[in-house]
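Numbering (the working numbering), first residue to last: 1344 to 1436. See below for the structure under consideration.
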């Protein structure tokens, strides 16, 4: 849902009790559990777990600023996902 295809942009509509509601470009809302925010050399990333279907596994989105200075979450490619995953695994050791 969030790691395939073209680069996608999401805005965070609501955050409460580590639940974040993302609104995609089509206006659809998706609820996630915010597991962690991690900053690495490549940028700042939100590590999320789909609230409705946690079996899908974690979703990692890069946090960027839009032209108005608001935080937006950007989908990442598989290569960038693997870099973040490796760093997260190293932090767990």
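Just so you know, even glycine gets a beta-carbon here, dropped at the ideal spot from N, CA and C.
Going by DSSP in three states, residue i sits in which element: helix, strand or coil?
i	result
residue 1435	helix
residue 1401	coil
residue 1395	coil
residue 1347	Reliability of the predicted coordinates at residue 1347 is poor, the pLDDT of 43 falling under 50, and no value is obtained from them.
residue 1383	strand
residue 1491	The structure shown does not extend to residue 1491, since the chain is modelled only from 1344 to 1436, so the question has no answer here.
Are residue i and residue j close, meaning C-beta to C-beta below 8 Å?
i	j	result
residue 1431	residue 1381	yes
residue 1378	residue 1363	no
residue 1375	residue 1403	no
Can you give me the Cβ contacts of residue i inside the same chain, cut-off strictly under 7 Å, excluding the 5 residues immediately before and after it?
i	result
residue 1407	1415, 1417
CB-CB under 6 Å to residue i, same chain, minus the five flanking residues each way: which ones, in chain order?
i	result
residue 1405	1386, 1388, 1417, 1419
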